[in-house]
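*Asks:* Protein chains in written order, with our numbering: chain A, 1 to 471; chain S, 1 to 289.
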Amino acid sequence: MSELSKAERMKLPRQAMPEQKPDIRKVNFKEVPHGYTPEQAMAEASRCIECKKPKCIAGCPVEVDIPGFIRLVMDGKFAEASRKIKETNSLPAICGRVCPQEEQCEVVCTLAKKFTPVAIGNLERFVADYERDNNLTELPEIAPPTGKKVAIVGSGPAGLTVAGDLIKLGHQVTIFEALHKPGGVLVYGIPEFRLPKEIVKAEVDYLKQMGVEVKTSHIVGKLDTIDELFDQDYDAIFIGTGAGLPNFMRIPGENLNGVYSANEYLTRSNLMKAYDFPNADTPIARGKNVAVLGGGNTAMDAVRTALRLGAENAYIIYRRSQVEMPARAAEIHHAEEEGIQFLLLTNPVRFIGNGEGRVERMECIRMELGEPDDSGRCRPVPIEGSNFEIEVDTVVVAIGNSSNPLVPRTTPGMDTNKWGNILVNEETMESSRPGVFAGGDIVTGGATVILAAGAGKKAARAIHEYVMNKE
Amino acid sequence: MVKVLEHYHLGENNYKIVFEVPELVKKAQPGQFVVLRISEEGERIPMSIGDMDPEKGSLTVIYQVIGKTTALMATLKPGEHIMDCVGPLGNPSHVDKKGKYMVIGGGIGIAPVHPAAKKARENGNEVFGIIGARTKDLLFFEDEMRKACDHLYVCTDDGSYGEKGFVTDVLKRLIDEGNKPDFILAIGPVPMMKAVCATSKPYDIETWVSVNPIMIDGTGMCGACRVSVGGITKFGCVDGPDFDGHLLDFDELTSRLRMYHQMEKESMEQFEKKQPCYIGLKESSKKSA
Numbered sequence: 001m002s003e004l005s006k007a008e009r010m011k012l013p014r015q016a017m018p019e020q021k022p023d024i025r026k027v028n029f030k031e032v033p034h035g036y037t038p039e040q041a042m043a044e045a046s047r048c049i050e051c052k053k054p055k056c057i058a059g060c061p062v063e064v065d066i067p068g069f070i071r072l073v074m075d076g077k078f079a080e081a082s083r084k085i086k087e088t089n090s091l092p093a094i095c096g097r098v099c100p101q102e103e104q105c106e107v108v109c110t111l112a113k114k115f116t117p118v119a120i121g122n123l124e125r126f127v128a129d130y131e132r133d134n135n136l137t138e139l140p141e142i143a144p145p146t147g148k149k150v151a152i153v154g155s156g157p158a159g160l161t162v163a164g165d166l167i168k169l170g171h172q173v174t175i176f177e178a179l180h181k182p183g184g185v186l187v188y189g190i191p192e193f194r195l196p197k198e199i200v201k202a203e204v205d206y207l208k209q210m211g212v213e214v215k216t217s218h219i220v221g222k223l224d225t226i227d228e229l230f231d232q233d234y235d236a237i238f239i240g241t242g243a244g245l246p247n248f249m250r251i252p253g254e255n256l257n258g259v260y261s262a263n264e265y266l267t268r269s270n271l272m273k274a275y276d277f278p279n280a281d282t283p284i285a286r287g288k289n290v291a292v293l294g295g296g297n298t299a300m301d302a303v304r305t306a307l308r309l310g311a312e313n314a315y316i317i318y319r320r321s322q323v324e325m326p327a328r329a330a331e332i333h334h335a336e337e338e339g340i341q342f343l344l345l346t347n348p349v350r351f352i353g354n355g356e357g358r359v360e361r362m363e364c365i366r367m368e369l370g371e372p373d374d375s376g377r378c379r380p381v382p383i384e385g386s387n388f389e390i391e392v393d394t395v396v397v398a399i400g401n402s403s404n405p406l407v408p409r410t411t412p413g414m415d416t417n418k419w420g421n422i423l424v425n426e427e428t429m430e431s432s433r434p435g436v437f438a439g440g441d442i443v444t445g446g447a448t449v450i451l452a453a454g455a456g457k458k459a460a461r462a463i464h465e466y467v468m469n470k471e
Numbered sequence: 001m002v003k004v005l006e007h008y009h010l011g012e013n014n015y016k017i018v019f020e021v022p023e024l025v026k027k028a029q030p031g032q033f034v035v036l037r038i039s040e041e042g043e044r045i046p047m048s049i050g051d052m053d054p055e056k057g058s059l060t061v062i063y064q065v066i067g068k069t070t071a072l073m074a075t076l077k078p079g080e081h082i083m084d085c086v087g088p089l090g091n092p093s094h095v096d097k098k099g100k101y102m103v104i105g106g107g108i109g110i111a112p113v114h115p116a117a118k119k120a121r122e123n124g125n126e127v128f129g130i131i132g133a134r135t136k137d138l139l140f141f142e143d144e145m146r147k148a149c150d151h152l153y154v155c156t157d158d159g160s161y162g163e164k165g166f167v168t169d170v171l172k173r174l175i176d177e178g179n180k181p182d183f184i185l186a187i188g189p190v191p192m193m194k195a196v197c198a199t200s201k202p203y204d205i206e207t208w209v210s211v212n213p214i215m216i217d218g219t220g221m222c223g224a225c226r227v228s229v230g231g232i233t234k235f236g237c238v239d240g241p242d243f244d245g246h247l248l249d250f251d252e253l254t255s256r257l258r259m260y261h262q263m264e265k266e267s268m269e270q271f272e273k274k275q276p277c278y279i280g281l282k283e284s285s286k287k288s289a
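1) Suppose the cutoff is 6 Å on Cβ atoms and the five residues either side in sequence are ignored; what does the same chain contact list for isoleucine 152 (chain A) look like?
2) For my contact list, arginine 319 (chain A) and threonine 346 (chain A) are in at a C-beta cut-off of 8 Å; report their separation, rounded to the angstrom.
3) Is it true that the stretch 223-243 of chain A meets the stretch 328-338 of chain A, where meeting means three or more beta-carbon pairs spaced less than 8 Å apart?
4) From glycine 295 (chain A) to alanine 314 (chain A), what does the alpha carbon distance come to, in whole angstroms?
5) Counting only the same chain and skipping the five closest in sequence on each side, list residues whose C-beta sits under 7 Å from that of valine 73 (chain A).
6) Within 10 angstroms of its Cβ, does glycine 159 (chain S) collect 16 or more other Cβ (buried), or is it exposed?
7) Can you look up aspartate 84 (chain S) in the DSSP assignment and give me helix, strand or coil?
8) Nearest CA to the CA of aspartate 23 (chain A): which residue from A:Gly413, A:Gly376 and A:Arg308?
9) Under a CB-based cut-off of 8 Å, is arginine 226 (chain S) close to chain A?
10) Kindly list, in the order they appear in chain S, the residues whose Cβ is closer than 8 Å to that of histidine 464 (chain A).
11) So, helix, strand or coil for tyrosine 234 (chain A), using DSSP?
12) Taking any Cβ of chain S, which residues in the stretch 353-367 of chain A have a Cβ under 7 Å from it, in chain order?
13) Once you ignore the five residues that flank phenylalanine 248 (chain A) on each side, which residues in its own chain have a CB closer than 6 Å to its CB?
14) For lysine 149 (chain A) versus tyrosine 234 (chain A), is the C-beta distance shorter than 8 Å?
15) Comparing alpha-carbon positions, which option in A:Pro92, A:Pro191 and A:Lys52 lies nearest valine 263 (chain A)?
16) Give a yes or no on whether the minimum CB-CB distance between glutamine 270 (chain S) and chain A is below 8 Å.
17) If isoleucine 442 (chain A) sits next to asparagine 404 (chain A), beta carbons under 8 Å apart, how far is it from one beta carbon to the other, in whole angstroms?
18) Which class does phenylalanine 388 (chain A) belong to by DSSP, given the choice of helix, strand or coil?
19) Beta-carbon within less than 8 Å of lysine 282 (chain S)'s beta-carbon, same chain only, minus the 5 sequence neighbours each way: which residues are those?
20) Just mark glycine 129 (chain S) as buried or exposed, buried being the case when its beta carbon has 16 or more other beta carbons within 10 Å.
21) If we call anything under 8 Å between Cβ atoms a contact, is isoleucine 219 (chain A) one with threonine 219 (chain S)?
22) Since alanine 398 (chain A) meets chain S, which of its residues come closer than 8 Å, beta carbon to beta carbon?
23) Among S:Asn123, S:Val167, S:Thr135 and S:Ala116, whose alpha-carbon lies nearest the alpha-carbon of methionine 145 (chain S)?
24) Which whole-angstrom value describes the C-beta separation of valine 392 (chain A) and asparagine 469 (chain A), a residue pair presumed to lie in contact below a C-beta threshold of 8 Å?
25) Counting pairs of beta carbons, one from the stretch 159-176 of chain S and one from the stretch 196-212 of chain S, are three or more of them closer than 8 Å?
26) In chain order, what are the residue ranges of uninterrupted beta strand (DSSP E) at least 3 long that sit wholly in the stretch 78-144 of chain S?
27) Taking DSSP's pairing of strands, which residues face alanine 186 (chain S) in a bridge?
28) Under the DSSP definition of a beta bridge, which residues are partnered with serine 321 (chain A)?
29) Assuming isoleucine 104 (chain S) and valine 113 (chain S) make a contact with CB atoms under 8 Å, what is their CB distance in whole Å?
30) Please state the DSSP three-state secondary structure of lysine 287 (chain S).
31) Select from A:Gly35, A:Pro38, A:Ala93 and A:Leu4 the residue whose C-alpha is nearest the C-alpha of glutamate 50 (chain A).
32) If you drop the 5 nearest sequence neighbours on each side, which residues of the same chain put their C-beta closer than 8 Å to that of methionine 52 (chain S)?
33) If you measure from the beta carbon of cysteine 222 (chain S) to each beta carbon in chain A, is any gap under 8 Å?
34) Considering valine 151 (chain S), what are the terminal residues of the beta strand (DSSP E) in which it resides?
35) Within 10 Å of its beta-carbon, does serine 228 (chain S) have 16 or more other beta-carbons around it, so buried, or fewer, so exposed?
36) Rounded to the nearest angstrom, how far is the Cβ of leucine 271 (chain A) from that of valine 187 (chain A), given a contact under 8 Å?
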C-alpha cells in the first residue's frame, strides 16, 4: 500500500468499524464495536500521509506520537505500535474507546479538510487490544528503587496514569480506592458495552505487575487523612478522587422513587451488576419509559443502559440542540441507531408522582436558543406556555457532578474554589499544600478520561521532581 | 476480606455480629456507620455501629434479618469472612456538652445510641436513656446501656418487660416529671423517630435522628441516600446520617426505603428456596449478648 502516492492514499476510504447490529446489541451488554482486523488496521494506517508537520500530535492532550505509531501499524508491527503509544499514554486500550477523537486528534488531521480523517482512535484501540490479546505486553524497564513513597488517592484514569509513570521511575506507589474494585469511573461509570471491564482489569493488573500496590475499600478522608498519610512516611500524595457528588435539577418531585442520579443508575448496573438481578443482589428499576436528562457521554451511557434493561421508550431530554451536545459523536450516533428518542430543546420543570411515592409523569417545557453564554454555547431560553407532560417511570439525572468533599474537608491548608475543586499550579498540579498534588475531575470538574490522564502525566513529572529534591 | 470474630442470635430476627477491623475501629466515632458487602455478587448495605473496641480492633453491628443480604449474613460463623466492611462513614453524632442529654433507642436503634451515650457521658452530660422494643425478646444491650447512662428507662409495647408502652410515653412522663432534656438523640424505626420528634417539638427540645437510607458507596458519589431536611435535599452519607428531626421529611424517607420492596421480596424468596436452613445460627449458638 505504501507504494501509493500521497494523493492516492488520501482518497482511500476510511475503514468502517465492524460492530454489532443495532437490533442485536440493544438487548445485550456486550461491547458494540468488534474492533479492526489486522488487514483493516493496515489499510486504515496506510491512509496516513505522514505530514511533515503533523497537527494530530498537538491535538492529543498527552501528545501521543500518532504518525509514529501509525507508521508501525502500516508495517504490521502492531505490538510495537502499542508500545510507542505507551511512551506517553499508559491507557491506550481505554483511550482508543472513550476519547473524543473527533474533537482532539482527528479534527486536526490534514485529511479531515477534504476527506475523512484517519481513524486514529480505532487504530489506537486495535494495537492495544492486539498486544494484550496476544500476550505481547512487556513490562517496561523499572528504574532502581529511589526509596521514595507516593500515595495515590483514587484509582480512576488520573490515579492509574500517575501510578504507571511513578512506578517506572523507581518509586514505591500505593493506590487507595474507596470502592471494592479499582478503576474509578472506568468501572462504576462507563458501561461494559462501551468499555469492557476486563480491559480495565488488565490495565490495573499491568500496574500491579510493575509493583504498584492497590488498596481497595480504603477511604482516604475517613479511614485516614492526608496528614495521616504523611505520618505514614509518604513523601508525596496525589489526589484523583474525581467529581463524585452528583448534581440534581432542584425541581419539585426529584426525590420520588424512580428518579436516579446517573452515578447511581450506572453504578448499580456496572459495578454492582444489577442487570443480572437476582443473580447479583443489587436491584435496579427496569423502567418501561425512561427519561435521561443531559447530553453528555454519561447521559448516552445511561440511556443506552436503560434500553438494554428493557425500556420500551428511552428518551434523551436535552435543553439545547444536538449541535451543542457534549457527548462523543460516536455515542450519539450509536444511541440514534439503537432507537433512543431525542427530545431536544426540552427541559424538565417537575416530576409528578403516582400517589405512592413513585414517579409517573414529568412536566417539561420547550426551549429556544438565545445568545451565546460564557461557555460559548447558545443559552437555552424557555418558551412560555409550551409546557407538556410525558409518561415516565424512571428518570436518570445526568447533568454533571460537583466535587467530592471527603478529602478537601479533611485537608487543612489545601485551597479549593467555591465549587470545592482543588486549586493547583497548572504546570505542576501541586496544590497549596506542599507535596500534595491533584488532577482529573476533582480539579477541573466533570471532564474526560484523557484530560484526567493528561493531568496525571503532568503531576507524575512534578511529583518525581518534588520527591527527588526532598531531603 | 474481613473476619467475623463473634456472632450471636439475640432474639426473633435480631443478631449481633463482631468484625475484625483494627484500622477502621481506631477512627470510628459514635454515630458513624459502615458499608458491608457479604459476598462477591452481594449488594452494599449501610449498617450503624453498635459498639467498638479499639484495643481488640473489633466492631459490633446489630442487625435484623429483613432480606437476602441480612439472611445470608446470619449464616456466617466466627472465623468466616465477608468481602468488605468500609468506613467509618458519615459524620459523628453531636455528643458535646448539652446538660441533660437523652438518647432514645428503639428496636435495632438501641445499638447505635449506645456508643453515643457513652461518649456523651464522658463529655460531662447527665445522660438519660430510654430503650424500647415491641416485646421482651427484642430488647438487648440493657446492661451496656445501664453502664453508659446515668438513668435508664426500659419499655416494651406489650409490657412483657419494663414499663408497658412506647418510648414516647416514657419521654412524655419524664418531661412532665420535670426532667426535660436539653438534647435528644433518637434512633430506631422511622415511625418511632417521627413520634419522638412529634413529642419533643411542642417543648422545643432539640432532637436529632439518625437515618439509614438506601446507599451504594456511602461517600457521596451515588446520591441514592437523598433526604429532605427543611425542604433542602441532603445526602445521608456525607451530610448525615444525623439530621435535625424537626426538619426531616419522614414520609419521604419511608417511601424511599420501600423503593425496592418488591425486588427485595423476590430476592429473598429465591434465597430461601436455595438455602432453606439459613437460620442455623439461631439454633446452634443462641447466647445472650
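Glycine included, each C-beta is placed from N, C-alpha and C at the ideal position.
*Replies:* In this structure, then:
1) The answer, listed in chain order, is Gly159, Val162, Ala163, Ile175 and Phe238.
2) At roughly 7 Å, the Cβ-Cβ gap stays under 8 Å, so arginine 319 (chain A) and threonine 346 (chain A) are in contact.
3) As far as the Cβ criterion goes, the stretch 223-243 of chain A does not touch the stretch 328-338 of chain A, which means the pair count is below three.
4) Each residue's alpha carbon lies about 14 Å from the other.
5) Cβ neighbours of valine 73 (chain A) beyond the five flanking positions: Ala41, Met42, Ala45, Ala81, Leu123 and Val127.
6) The residue in question, glycine 159 (chain S), is exposed, as its Cβ has fewer than 16 Cβ neighbours within 10 Å.
7) Strand.
8) Looking at the Cα atoms, A:Arg308 is the closest of the given residues.
9) Output row for arginine 226 (chain S): interface = yes.
10) Contact annotation for histidine 464 (chain A) against chain S: no contact, minimum CB-CB distance about 29 Å [criterion: below 8 Å].
11) Tyrosine 234 (chain A): coil per DSSP, three-state reduction.
12) Per Cβ criterion, the list reads Gly357.
13) Annotation for phenylalanine 248 (chain A): Glu254 and Val397 place their beta carbon closer than 6 Å to its own, counting only its chain and skipping 5 residues before and after.
14) At a Cβ-Cβ threshold of 8 Å, lysine 149 (chain A) and tyrosine 234 (chain A) count as neighbours.
15) What sits at residue 263 (chain A) in the sequence shown is asparagine, not valine. Asparagine 263 (chain A) has its Cα closest to that of A:Pro191, out of A:Pro92, A:Pro191 and A:Lys52.
16) Yes - at least one Cβ of chain A is within 8 Å of the one on glutamine 270 (chain S).
17) Rounded, the Cβ-Cβ distance is 7 Å, consistent with contact.
18) DSSP places phenylalanine 388 (chain A) in the strand class (E or B) of the three-state scheme.
19) Because the pLDDT of lysine 282 (chain S) is 49, which lies under 50, any placement of that residue in the model is unreliable, and the question is left without a value.
20) Label assigned to glycine 129 (chain S): buried.
21) Closer than 8 Å, so yes.
22) Correct list: empty, because the minimum Cβ distance to chain S is about 12 Å.
23) Comparing alpha carbon positions, the residue from S:Asn123, S:Val167, S:Thr135 and S:Ala116 closest to methionine 145 (chain S) is S:Ala116.
24) Actually they do not touch by this definition, with Cβ atoms about 57 Å apart.
25) At 8 Å Cβ cutoff, the stretches touch.
26) Qualifying beta strand (DSSP E) stretches, in chain order: 84-89, 100-106 and 126-133.
27) Answer is S:Ile104 and S:Val209.
28) Beta-bridge pairing links serine 321 (chain A) to no other residue.
29) Contact holds; Cβ gap of about 7 Å.
30) Confidence at lysine 287 (chain S) is low in this model, with a pLDDT of 43, below 50, so the placement of that residue should be treated as unreliable; the coordinate-derived value is given next. The answer is coil: DSSP assigns lysine 287 (chain S) none of H, G, I, E or B.
31) It is A:Leu4 whose Cα lies nearest to the Cα of glutamate 50 (chain A).
32) Within the same chain, and ignoring the five residues on either side of methionine 52 (chain S) in sequence, the residues whose Cβ sits closer than 8 Å to its Cβ are Val25, Ala28, Ser58, Leu59, Thr60 and Pro115.
33) Yes, contact with chain A.
34) For clarity, residue 151 (chain S) is histidine in the given sequence; the question names valine instead. Counted as a single uninterrupted DSSP element, the beta strand (DSSP E) harbouring histidine 151 (chain S) occupies residues 151-156.
35) When all chains shown are included, serine 228 (chain S) counts as buried.
36) Correct: roughly 6 Å between the Cβ atoms.
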